[in-house]
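Undergrad: So that we are looking at the same thing, I have put the structure below in structure tokens.
In my numbering, the protein residues as written are 13 to 670.
Quick look at the structure:
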């Protein structure tokens, strides 16, 4: 039962916000207030789990659970609870978890102390979302308090070199995607096409053929009824099928449900620079089966990315340098958008702070309210940790590693709006320095509040032998005891950014000052040669530009004439003579920002991010192949963990059109 005593905040939203919230998140609810009540109440129920009286109140009545000892600075009675361990059937696991949720709600109704605790936290969570200061990832908004109760956006699944292992990965993919999650895979273990299979005396069909199975699985699943399926497929540069992998998406409509990336490292980049060869390794035999010239493979990657936007690149050694639990496993893959490197079977729930809401003062002269930001970081860390506890994980293996590492991904959105409000050009030296300054603050406070939460709830169970354990060979010099193995991520925030009323997703610049945005249904219509319905398209004019233009009497023009000039100028304002240069400088679009500055901004944020950064390096149609090459070299130099380039028009459908 939801908390009916909660005082609602009045929530004012635009037509486009209303469209996306209704399209993606409202089902039983009729209003955004009801949506945020449902989510905030459900996530606040997790507070009961950590109360010392929870078991006495009946938390585990009629629930099968395994308890894992949790580390504290001082001995405590609280434990980490696994609900799926030893329960084979999905239906039995769902029933068991449903009993747990029923117990939480009964305790909330019957125990005054529990009710007060939940109501207090719900108010904090609700107000944070109602002000659009913070929003969790879409699966949490869609599923919290509903039957699915699957709240994570990101999963990585292992793909072993066996039919049984591949079948298990396909089953896991289907369970995750039907409930709204995205999946990442490394196909590095699969033996190459033509390799002998001793058990059957047959011939292996190869890694790419099995990738097609995972792509087809996504085709037949509609995620949670509302989300398009998404996958990441990664293959390392040393795999025998690397050439076919690099070029497969440049050949037209293939693997459309996959982003693909080549895993490379500093050893490969050094070989590129010296025009050297390297060994191709059969992952089954672990033996060298040939050599390739690194520069030739690198050129293939560059040319294919220029032609089709795929593959991206993943600097896997950079990623594993930041792996907090290397004693468990190396990281081999990321989630579909690349911002969340994860161990096999690991999942992560994300949330983003709408940074533009924390700028106070007159537009273009604003200052960041660090006190308000710090309080929101504290509340968001608790919110995301609560999600881990009340999440119904689709598989036993996922619940085990998630609850023992407790990774979360707190990031930001609305960076472009933030820069306008502060009067700092997005692509200026000052803007890049400001990115380091603000993200450094967020990352530091996220660690502090995760450590504070650990004093209350316990350190993440896999802390021993982690990079934070001073007695471990993996120790990195920072002896801290956080609740969460990693804490910060920059996600693309596509849908939640629109829901928050933003035109700047994640840390991206504005795509255009006026544009048409297509949702998934509109893109499907375009693919089938049909005109999208109006309800599936969103026309937007940048609200901050509109406000500034109005204050400046539309720069001596009427509004219609001004927008016509913007329209003819590729929907950008840089280059419109009537608009003063200082205002032009504040509103660069994705194609106004130089390729070098795109990467410098990504690198600035990456310096203060535990996980990784999702950012697209936008290029104009006339960009050269050499531009992509220079991108990759600079990204490696600046310590980026991955990179995706997109040359305008290289794909037939785009989510945003100018």
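Think of the CB as a built atom: it goes at the ideal place given N, C-alpha and C, for glycine as much as any other residue.
Please read these numbers as outputs of a predicted model, since none were measured by experiment.
For my contact list, residue 671 and residue 150 are in at a C-beta cut-off of 8 Å; report their separation, rounded to the angstrom.
TA: Limits of the chain in this structure are 13 at one end and 670 at the other, which puts residue 671 out of reach.
Undergrad: Assuming the contact rule is C-beta atoms closer than 8 Å, residue 472 and residue 418 should be a hit. Round their C-beta distance to whole Å, please.
TA: Their Cβ separation, rounded to whole angstroms, is 4 Å, which keeps residue 472 and residue 418 in contact under 8 Å.
Undergrad: From the DSSP secondary-structure annotation, give me the bridge partner or partners of residue 366.
TA: Per DSSP, 425.
Undergrad: How would you label residue 128, buried or exposed, when you count the other beta carbons within 10 angstroms and need 16 or more for buried?
TA: So residue 128 ends up on the exposed side.
Undergrad: Using the Cβ count rule (16 or more neighbours within 10 Å means buried), how would you classify residue 685?
TA: The shown model of the chain, from 13 to 670, leaves out residue 685, and the question about it has no answer.
Undergrad: So what does residue 304 bridge to, in DSSP terms?
TA: For residue 304, which the question treats as bridged, DSSP gives the partners 290.
Undergrad: Rounded to the nearest angstrom, how far is the Cβ of residue 193 from that of residue 164, given a contact under 8 Å?
TA: Residue 193 to residue 164, Cβ: 6 Å. Contact.
Undergrad: By a C-beta neighbour count over all protein chains shown, 10 Å radius and 16 as the cutoff for buried, is residue 520 buried or exposed?
TA: Classification for residue 520: buried.
Undergrad: What would DSSP say about residue 65, mapped onto helix, strand or coil?
TA: Three-state result, residue 65: coil.
Undergrad: The alpha helix (DSSP H) with residue 394 in it runs from where to where?
TA: Start and end: 382-402.
Undergrad: Let me know the secondary structure DSSP gives residue 266 once reduced to three states.
TA: Note: residue 266 maps to coil in three-state DSSP.
Undergrad: Hey, residue 630 and residue 648: beta-carbon distance below 8 Å or not?
TA: Cβ atoms of residue 630 and residue 648: not closer than 8 Å.
Undergrad: Does the Cβ-Cβ distance between residue 146 and residue 317 come in under 8 Å?
TA: No, Cβ-Cβ distance for residue 146 and residue 317 is not below 8 Å.
Undergrad: Among 21, 369 and 551, whose alpha-carbon lies nearest the alpha-carbon of residue 136?
TA: Nearest option by C-alpha distance: 21.
Undergrad: Let me check one thing: in DSSP terms, what residues is residue 208 bridge-paired to?
TA: Beta-bridge pairing links residue 208 to 215.
Undergrad: Please report how far the alpha carbon of residue 126 lies from the alpha carbon of residue 110, in whole angstroms.
TA: Between residue 126 and residue 110, the C-alpha separation is close to 19 Å.
Undergrad: In angstroms, rounded to a whole number, what distance separates the CA positions of residue 551 and residue 577?
TA: Their Cα atoms are separated by approximately 17 Å.
Undergrad: Assign residue 225 to buried or exposed, taking buried as 16 or more other Cβ atoms, counted over all protein chains shown, within 10 Å of its Cβ.
TA: Its Cβ having fewer than 16 others within 10 Å, residue 225 is exposed.
Undergrad: Name the two residues that bound the continuous beta strand (DSSP E) containing residue 530.
TA: Unbroken beta strand (DSSP E) run through residue 530: 526-530.
Undergrad: Mind checking which residues open and close the alpha helix (DSSP H) that includes residue 559?
TA: Per DSSP, residue 559 belongs to the alpha helix (DSSP H) from 555-563.
Undergrad: Assuming contact is defined by CB atoms lying nearer than 8 Å, are residue 615 and residue 326 in contact in what I supplied?
TA: Contact flag unset, no.
Undergrad: Nearest CA to the CA of residue 169: which residue from 176, 196 and 153?
TA: Of 176, 196 and 153, the residue nearest in Cα terms is 196.
Undergrad: Whose C-beta lies closer than 6 Å to the C-beta of residue 338 among residues of the same chain, with five residues either side of it excluded?
TA: Contacts found: 486.
Undergrad: Apply the 10 Å Cβ neighbour rule to residue 286 and answer buried if 16 or more other Cβ atoms are within range, or exposed otherwise.
TA: Burial call: exposed.
Undergrad: Could you spell out the range, first to last residue, of the beta strand (DSSP E) harbouring residue 658?
TA: 654-659 is the span of the beta strand (DSSP E), which, as asked, contains residue 658.
Undergrad: Residue 102 bridges to which residues according to DSSP?
TA: According to DSSP, which records beta bridges pairwise, residue 102 is partnered with nothing at all.
Undergrad: For the candidate residues 328, 315, 212 and 53, whose alpha-carbon lies nearest to that of residue 157?
TA: When each option's Cα is compared against that of residue 157, the closest is 53.
Undergrad: What distance in whole Å lies between the Cβ atoms of residue 423 and residue 368, which are believed to be in contact at a cut-off of 8 Å?
TA: Their Cβ separation, rounded to whole angstroms, is 14 Å, which puts residue 368 and residue 423 out of contact at 8 Å.
Undergrad: Can you tell me whether DSSP reads residue 418 as helix, strand or coil?
TA: Residue 418: coil per DSSP, three-state reduction.
Undergrad: Nearest CA to the CA of residue 528: which residue from 444, 583, 51 and 612?
TA: The residue with the shortest Cα to Cα distance from residue 528 is 583.
Undergrad: So what does DSSP say about residue 351, is it helix, strand or coil?
TA: Three-state result, residue 351: coil.
Undergrad: Name, in chain order, the residues that DSSP records as bridge partners for residue 158.
TA: DSSP lists no partner for residue 158.
Undergrad: Does the separation of the CB atoms of residue 505 and residue 518 fall below 8 Å?
TA: Taking 8 Å as the Cβ cut-off, residue 505 and residue 518 qualify as a contacting pair.
Undergrad: Between the C-alpha atoms of residue 580 and residue 642, what's the straight-line distance to the nearest angstrom?
TA: If you take the alpha carbons of residue 580 and residue 642, they lie about 31 Å apart.
Undergrad: Assess contact between the region 68-84 and the region 92-106, defined as three or more Cβ pairs (one per stretch) separated by less than 8 Å. Is contact present?
TA: Yes, the region 68-84 touches the region 92-106.
Undergrad: Are the region 241-251 and the region 596-613 touching by the rule of at least three beta carbon pairs closer than 8 Å?
TA: In short, these stretches do not touch, since the Cβ pair count stays below three.
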